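What follows is one structure encoded as structure tokens, with my remarks underneath.
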Amino acid sequence: MVISTLLQAHNQKNPQTIFTDQDQAMKRTLKEIMSLTKHGLCTWHIMRNGVKHSGNLMKDGSHFLRDFKKCMYDYEEEIHFENSWRDFLVKYNVEENTWLNSIY
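Laid out in structure tokens, this is it:
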């Protein structure tokens, strides 16, 4: 398995953070084998999956994608991100969107 090989190559030291796509099997494996490692989602995959899961919100002149990217890239302070994210969800009426809630 790739994870075992990674650990072996690094003398069994867990990385602080690892970025992957949203594969659930990978998520479970990382949680089991590298429980102290933070699991981040790759921004490229988030954007690709965002189009797949929210494409219906990106038509007819919508600024959904622009606003989504703004949430992802424009804020360094947690409070600014949180406010922007909340406003984004309300603006597009997606507070209950399963995919958006899962990446949050």
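Start counting the sequence shown at 73; every next residue gets the next number (our numbering).
Backbone N, C-alpha and C fix where the C-beta goes; we use that ideal spot for every residue, glycine too.
Please read these numbers as outputs of a predicted model, since none were measured by experiment.
Just the C-alpha distance for residue i and residue j, rounded to the nearest angstrom, thanks.
{"i": "N86", "j": "S134", "result": "42 Å"}
{"i": "S107", "j": "D132", "result": "44 Å"}
{"i": "T92", "j": "G122", "result": "15 Å"}
{"i": "E104", "j": "M98", "result": "10 Å"}
{"i": "V166", "j": "L172", "result": "8 Å"}
{"i": "K141", "j": "E150", "result": "16 Å"}
{"i": "Q84", "j": "R100", "result": "19 Å"}
{"i": "M130", "j": "T115", "result": "18 Å"}
{"i": "N169", "j": "L78", "result": "35 Å"}
{"i": "H152", "j": "L137", "result": "18 Å"}
Look at the Cβ atom of residue i, then the Cβ atom of residue j, and state whether they are nearer than 8 Å.
{"i": "I175", "j": "I90", "result": "no"}
{"i": "D139", "j": "K163", "result": "yes"}
{"i": "L113", "j": "Q94", "result": "yes"}
Below 8 Å on the Cβ atoms is my guess for residue i versus residue j; work out the distance and round it to an integer in Å.
{"i": "Q88", "j": "K110", "result": "7 Å"}
{"i": "S156", "j": "C143", "result": "5 Å"}
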